[in-house]
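**Q** Submitted below is the structure of interest, expressed as structure tokens.
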Amino acid sequence: MHAHEAGWAHAEGALRGPSWLRPPGDVNELVPHLWSMTASKGEDGQLRVGGLAVADLVADHNTPAYVLDEADFRARARAFRDAFSGYEVFYAGKAFLCTTVARWIAEEGLSLDVCSDGELSVALRAGVDPARIGYHGNNKSVTELRRAVASGVGRIIVDSFTEIDRLDQVTREIPDGSARVMVRVTAGVEAHTHEYIATAHEDQKFGFSIVGGQALDAVRRVLAAPGLELLGLHSHIGSQIFDSAGFEVAARRVLALQARISEELGATLPELDLGGGFGIAYTTQDDPADPQQLAVEMSKIVEHECRALGIPEPRLSIEPGRAIVGPAMCTVYTVGTVKQVELDGNAVRTYVSVDGGMSDNIRTALYDADYTCTLASRRSEVGPTLARVVGKHCEAGDILVKDEFLPGDLRPGDLLAVPGTGAYCRSMASNYNHALRPPVVAVRDGVARVVVRRETEDDLLATDMGAERD
Ligand code: LLP
52 MHAHEAGWAH AEGALRGPSW LRPPGDVNEL VPHLWSMTAS KGEDGQLRVG GLAVADLVAD
112 HNTPAYVLDE ADFRARARAF RDAFSGYEVF YAGKAFLCTT VARWIAEEGL SLDVCSDGEL
172 SVALRAGVDP ARIGYHGNNK SVTELRRAVA SGVGRIIVDS FTEIDRLDQV TREIPDGSAR
232 VMVRVTAGVE AHTHEYIATA HEDQKFGFSI VGGQALDAVR RVLAAPGLEL LGLHSHIGSQ
292 IFDSAGFEVA ARRVLALQAR ISEELGATLP ELDLGGGFGI AYTTQDDPAD PQQLAVEMSK
352 IVEHECRALG IPEPRLSIEP GRAIVGPAMC TVYTVGTVKQ VELDGNAVRT YVSVDGGMSD
412 NIRTALYDAD YTCTLASRRS EVGPTLARVV GKHCEAGDIL VKDEFLPGDL RPGDLLAVPG
472 TGAYCRSMAS NYNHALRPPV VAVRDGVARV VVRRETEDDL LATDMGAERD
């Protein structure tokens, strides 16, 4: 049972829903802060994004499809850049990356964080200045490190002693080879988020422990390597975090280590990266801070701690992914079937099956994530019914939206749109059940542009070596 199902109640033969889900005043209205900035619904109930009716987009591009609001994406990127002016803001490409988005990031003056060779390829193909790329990962191979060094990546965030040795070796092999390095540390913070996306507690795979002493040893080892230039420490406490207390504790512990490094090793580290993880609103329950507020809070903490420790303030960097791309996209599906399931003899849950599912959004199944959705193709005058939106995969856990009030007359052919799907949906999409991954259609000022096309059956069979037929 999901934690928030505790408040479920049956009322007049229908489920009333979890206690936090308030029935909407009007199923035809959007809750504005869950949607990208150009999204709106007209009198006709049609959802419009980027100056285009979603139904028209579907006529051209079919469903399921991710719709990316370019103005919204750019505005969020700019908001971080402006609020954190003087910082380096890295967009975390793992949330969603394609060459077009990498170019928007560069155009808006942000840097780019990649965490794999594949993401590095996209960044380089997009023409991103390698000096503005940060390279993450807890198991980078020698080949990957060689490529990073050879292409002049701006910073490599090291995560193990093995990697430090590998990187040292790589810089020796390459004539005049050198690398700017950050040491990822574990601050020992229990971030209030899902276990799988928390990364600053001790018992997980990322980082060098501060309390265990490995962080200081790692710094020593980097300082001893002639080809490695130590930029600073890196701390990322987790993802979808709302409470700044976690950042505060992490910053305090990391800066205390920084003071120790200066005292014991005589090294002043010029930079400090506090990672990403800033939460967004998936439902009306979530109340995220805006970049300005985050910037004020974070710089206050760092300023205060540095003064208390008597060390110079490092130049800060952050790595927001979700907070830039998450709200900028929605996913549009077509309803295929609507089924009433009886519970306890009289209460009913409506199951709405759409033409996508866990292959285009695994987050509900994997993290028990909450999403909302709306009827996007018409107005309904029928009152709300509590529905669960599910995908078309052969798995009972293939749920997209656990609970939502949808019009009682929902029928096959209706379009449903799910907001807040920009982060970790397309980037974690799979071909489960040999589904074709949906396209990403960018919209702006009434113009639609496919930035990632829909996969085809040929794509699907391209790696299947037995598929050739004469
Ligand atoms: N920096 C580092 C070192 C990270 O590991 C991450 C995310 C970020 C920045 C960006 O975090 P963001 O601002 O996007 O929260 N698949 C999960 C999230 C995994 C996050 C992994 N690291 C999800 O769907 O919630």
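Take the sequence shown: its letter number 63 is residue 114 in the working numbering, and every next letter is one higher.
The beta carbon of each residue, even a glycine, is placed where N, CA and C say it ideally should be.
Since the model is a prediction, treat every value here as computed from it, not as a measurement.
1. In whole angstroms, what is the alpha-carbon distance linking R462 and D338?
2. Taking the beta strand (DSSP E) that P470 falls in, what are its first and last residues?
3. Any idea what DSSP makes of K351, helix, strand or coil?
4. DSSP beta-bridge partners for I208?
5. Check whether the region 96–105 touches the region 346–357, counting contact only when three or more Cβ pairs, one atom from each stretch, lie closer than 8 Å.
6. What do you reckon, are the CB atoms on C381 and A302 nearer than 7 Å?
7. Check this for me: beta carbons of V240 and V300, under 7 Å apart or not?
8. Roughly how many angstroms lie between the CA atoms of P371 and G326, to the nearest whole one?
9. Do you know offhand how far V492's Cα is from A499's?
10. Rounded to the nearest angstrom, what separates L511 and L148 at their Cα positions?
11. Where do the ends of the alpha helix (DSSP H) carrying V78 lie?
12. So, using beta-carbon positions, are I207 and V232 closer together than 7 Å?
13. Taking 6 Å as the cut-off, is the C-beta of P371 nearer than that to any heavy atom in the ligand SAM?
14. Select from E455, R429, D227, L175 the residue whose C-alpha is nearest the C-alpha of D107.
15. Between T335, V441, D395, which lies nearest to R414 when the distance is taken from Cα to Cα?
16. For the putative contact between P115 and V383, defined by C-beta atoms under 8 Å, what is the C-beta separation to the nearest angstrom?
17. Cα-Cα, which of A374, R217, E80 is closest to G524?
18. Kindly give me the distance between the Cβ atoms of I215 and V273, rounded to whole angstroms, as I take these residues to be in contact under 8 Å.
19. Give the DSSP-derived three-state secondary structure of E455 in the structure shown.
20. DSSP beta-bridge partners for M380?
21. Sort T319, I288, D496 by Cα distance to E121 and report the nearest one.
22. Taking 6 Å as the cut-off, is the CB of Y475 close to at least one heavy atom of the ligand LLP?
23. Quick one: using the 10 Å Cβ neighbour count with 16 as the cut-off for buried, is K145 buried or exposed?
24. Which residue spans inside the region 154–224 form an unbroken alpha helix (DSSP H) run of at least 4?
25. First and last residue of the alpha helix (DSSP H) that includes D324?
26. A143 to G258, Cα distance in whole Å?
27. Straight-line CA distance for V531 to G289?
28. Could you spell out the range, first to last residue, of the alpha helix (DSSP H) harbouring H252?
29. For a minimum of 4 consecutive residues, which ranges assigned as the alpha helix (DSSP H) are wholly contained in the region 279–339?
30. Shortest alpha-carbon distance to A310 belongs to which of C357, S481, R366?
31. With a threshold of 6 Å, establish whether the CB of S211 neighbours any heavy atom of the ligand LLP.
32. Where M52 and D168 are concerned, what is the direct C-alpha to C-alpha distance, given to the nearest angstrom?
33. H55 by DSSP, collapsed to three states: which one?
34. Would K92 be called buried (16 or more neighbouring beta carbons within 10 Å of its own) or exposed?
**A** Per the coordinate set shown:
1. Cα to Cα, R462 sits roughly 33 Å from D338.
2. 466–470
3. helix
4. M233
5. no
6. no
7. yes
8. 7 Å
9. 6 Å
10. 21 Å
11. Where V78 is concerned, there is no enclosing alpha helix (DSSP H), given that its DSSP letter is neither H nor E.
12. yes
13. The ligand content of the structure shown is limited to the ligand LLP, which means the ligand SAM is not among them.
14. When only C-alpha atoms are compared, the closest one is R429.
15. Per the Cα distances, V441.
16. 7 Å
17. Here the chain covers residues 52 to 521 and nothing more, so residue 524 does not appear.
18. 6 Å
19. strand
20. L119
21. D496
22. yes
23. Within a 10 Å sphere around the beta-carbon of K145 sit 16 or more other beta-carbons, which makes this residue buried.
24. 168–177, 193–201, 212–224
25. First-last for D324: 322–324, but that is the beta strand (DSSP E), not the alpha helix (DSSP H).
26. Whole-angstrom Cα-Cα distance: 17 Å.
27. No answer is possible for residue 531: it lies beyond the span of the chain, which begins at 52 and ends at 521.
28. Run containing H252: none; DSSP gives neither H nor E here.
29. 296–311
30. C357
31. No; taking the cut-off as 6 Å, the Cβ of S211 has no heavy atom of the ligand LLP nearer than that.
32. Here the model assigns M52 a pLDDT of 33, short of 50, so the residue's position is not dependable, and the following value carries that caveat. About 39 Å.
33. Bear in mind that the predicted position of H55 carries a pLDDT of just 38, short of 50, making it unreliable; the figure below should be weighed with that in mind. Three-state DSSP puts H55 in a helix.
34. Flag for K92 reads buried.
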